[in-house]
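K.L.:
Mind looking over this structure? Questions follow.
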């Protein structure tokens, strides 16, 4: 739908591991968030300050391979859909080479805390997501 | 498919909140895990010690309402499907009354770390899941 | 100095464990915070809403025994010192019986976010801490 | 006592922030751990695999400045003391320039899980710590 792509590296922390010695399944969602927030900060930082928040309304992850401490990680974000006030992202958690650790999706809604309700995605952000 | 149900309370911690003042979306998956592990410990504790692990292969969550510090939380687990080596759980995160904060699902596989591969779900566990 | 005491239970979560199978050392500080915030909410909830924050300026912990998943935990908070704008707490992390898992201390300062500086501890809170 | 120094960068994650919008005080200890484990992996990786663990017996932190999402962070580790089976580290959490966010210390003991007791720090590690 859009060929927008954003890739960033994530550093695995010892504290991300659980008692099985692998990155805990909930922490994968923290990795998605970390990538997403870096994307927002880098691309929309000035625009966003204090004005809007993006609330996650759906998140899902398919786990392919366990992640261990020394794994080199990248998260690649792409855009699935852009509606009036919501948008969907797909994610690959991978090693930058041939290993895919997980595939994931989130749906988010653009929310105005002052108005207490969803609002239209600002045009400059929509333009980036649609890669126009 | 099965009328197995398990409900437990979860105490919200201040550290579960993120900069928006709500429980962070990734922490919802920690709540699912906490409920799941309590269920396993209470029902299958003796059976499991060191022998088998249950790996999450899929997890998803639909967020309905934000959770704040003073919310009273319960997680109710039910069984969606039971196959040879995998099973699916559904979860409600709710207040024990009328509020549903989230609905979620996980698929898990019964894994033998010594053999390094999925194995059949032990019969006593299968029986509980199928509520027979 | 004061015989104020507050004790609360903490539920160990699977996600608190690290790759060694014990509660991670940083999580002990989350337990202290959880106890502290429960104390503040229960005793000073109405007083505090949005007006003041308590910033940690020092924290320390002596680890005595590892904590595992099934341990029954309590945190007992006592008051070490109360100054104009800062106060010190001591904590025991224990099992309610004979086991002490850790001893800890924090120093906190009463901070007014609107003024951007430390302020005097409100008299009603000081009275509770001094157990007068 | 020793002029051994190790410095590494830490990436602040959105999930490190608490409801005050600053990195949570317990997460500072996760930063210390992350730096420590990176040091161990980089310098002693081959030596350590599965043989020894380093248990934290004491940890403390003095908080100087709040850390926010866009702060650029470094942790510098230095060696305070080296005894037979235990050693002490000092840490600075800083921005690589003029800002010091926190100063911290940990005491750790070299533990053999198979023997279930503290053991002497291996000579090659001791040599590195003493910078000889």
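Residue numbers (our numbering), protein chains in the order written: chain A, 7 to 138; chain B, 7 to 138; chain C, 7 to 138; chain D, 7 to 138.
In this text, a Cβ means the ideal position worked out from N, Cα and C, and glycines have one as well.
#1: What span of residues does the alpha helix (DSSP H) with residue 135 of chain B cover, start to end?
#2: From D:82, D:116, D:106, pick the residue whose C-alpha is nearest to that of residue 9 of chain D; which is it?
#3: By how many angstroms is the C-alpha of residue 32 of chain C removed from the C-alpha of residue 133 of chain D?
#4: Given a limit of 7 Å on CB to CB distance, which residues of the stretch 61-77 of chain A reach chain B?
#5: For residue 35 of chain D, return the contacting residues in chain C, with the cut-off set at a CB-CB distance below 7 Å.
#6: With a threshold of 8 Å, are at least 3 pairs of Cβ atoms found where one atom belongs to the stretch 68-83 of chain A and the other to the stretch 119-136 of chain A?
#7: Closest by CA to residue 89 of chain B, which one among B:68, B:107, B:113, B:35?
#8: Residues in the stretch 97-121 of chain D with C-beta within 9 Å of chain B's C-beta atoms, listed in sequence order?
#9: May I have the straight-line CA-CA distance separating residue 19 of chain B from residue 73 of chain A, to the nearest angstrom?
#10: When every heavy atom of the ligand GTP is checked, does at least one fall within less than 7 Å of the C-beta of residue 37 of chain C?
#11: List the endpoints of the continuous beta strand (DSSP E) containing residue 94 of chain D.
#12: Can you tell me whether residue 33 of chain C is helix, strand or coil according to DSSP?
#13: Can you give me the Cβ contacts of residue 12 of chain D inside the same chain, cut-off strictly under 6 Å, excluding the 5 residues immediately before and after it?
#14: Taking the continuous beta strand (DSSP E) assigned at residue 64 of chain C, which residues delimit it?
#15: Which chain D residues sit within Cβ distance under 7 Å of residue 38 of chain B?
#16: Hey, residue 95 of chain C and residue 42 of chain C: beta-carbon distance below 8 Å or not?
#17: Report the residues of the stretch 14-25 of chain B with a CB closer than 7 Å to any CB of chain C, ordered along the chain.
#18: From which residue to which residue does the beta strand (DSSP E) around residue 77 of chain B run?
#19: For the candidate residues A:103, A:99, A:62, whose alpha-carbon lies nearest to that of residue 117 of chain A?
#20: Determine whether the Cβ of residue 94 of chain A lies closer than 8 Å to any Cβ atom of chain C.
#21: What first and last residue would you give for the beta strand (DSSP E) that runs through residue 111 of chain D?
#22: Return the residue from the list C:35, C:22, C:38 that minimises the CA-CA distance to residue 36 of chain B.
P.N.:
On the basis of the coordinates in this document:
#1: Against the second chain, residue 135 of chain B aligns to sequence position 129. Here the alpha helix (DSSP H) through residue 135 of chain B covers 129-136.
#2: Numbered from 1 along the fourth chain, position 3 holds the residue referred to as residue 9 of chain D. Of D:82, D:116, D:106, the smallest CA-CA separation from residue 9 of chain D is found for D:82.
#3: In the fourth chain, counting from the first residue as 1, residue 133 of chain D sits at position 127. In the third chain, counting from the first residue as 1, residue 32 of chain C sits at position 26. Cα-Cα distance, rounded: 28 Å.
#4: 62, 63, 64, 65, 66, 67, 68, 69
#5: The sequence position of residue 35 of chain D within the fourth chain is 29, counting from 1. Chain C residues near residue 35 of chain D: 31, 32, 35.
#6: no
#7: The sequence position of residue 89 of chain B within the second chain is 83, counting from 1. Selected option, being the one with the closest Cα: B:113.
#8: Residues of the stretch 97-121 of chain D that bring their beta carbon within less than 9 Å of a beta carbon in chain B are absent altogether.
#9: Position 13 of the second chain, counted from the start, is the residue given in the question as residue 19 of chain B. Position 67 of the first chain, counted from the start, is the residue given in the question as residue 73 of chain A. Approximately 27 Å between the Cα atoms of the pair.
#10: Ligands in the displayed structure: none, and consequently the ligand GTP is not present.
#11: Looking up residue 94 of chain D in the fourth chain gives position 88. Here the beta strand (DSSP E) through residue 94 of chain D covers 92-100.
#12: Along the third chain, read from residue 1 onward, the residue named residue 33 of chain C stands at position 27. Secondary structure at residue 33 of chain C: helix, using DSSP grouped into helix, strand and coil.
#13: To locate residue 12 of chain D, count along the fourth chain from 1; it is residue 6. Taken in chain order, the residues that qualify are 45, 83.
#14: As a first step, residue 64 of chain C is located in the third chain; it is residue number 58 there, counting from the start. Where residue 64 of chain C is concerned, the enclosing beta strand (DSSP E) stretches over 59-69.
#15: Position 32 of the second chain, counted from the first residue, corresponds to residue 38 of chain B. In chain order: nothing, as chain D lies at least about 17 Å away.
#16: Walking along the third chain from the start, residue 95 of chain C turns up at place 89. Walking along the third chain from the start, residue 42 of chain C turns up at place 36. Yes, Cβ-Cβ distance for residue 95 of chain C and residue 42 of chain C is below 8 Å.
#17: 17, 19, 20, 21
#18: By one-based count along the second chain, residue 77 of chain B stands at place 71. Where residue 77 of chain B is concerned, there is no enclosing beta strand (DSSP E), given that its DSSP letter is neither H nor E.
#19: The residue you call residue 117 of chain A lines up with position 111 of the first chain. For the residues A:103, A:99, A:62, the minimum Cα distance to residue 117 of chain A belongs to A:62.
#20: As a first step, residue 94 of chain A must be located in the first chain, where it is residue number 88. Residue 94 of chain A does not count as touching chain C.
#21: As a position in the fourth chain, residue 111 of chain D is number 105, starting the count at 1. Note, residue 111 of chain D: beta strand (DSSP E), 106-118.
#22: Within the second chain, residue 36 of chain B is the residue found at index 30, counting from 1. Comparing Cα positions, the closest option is C:22.
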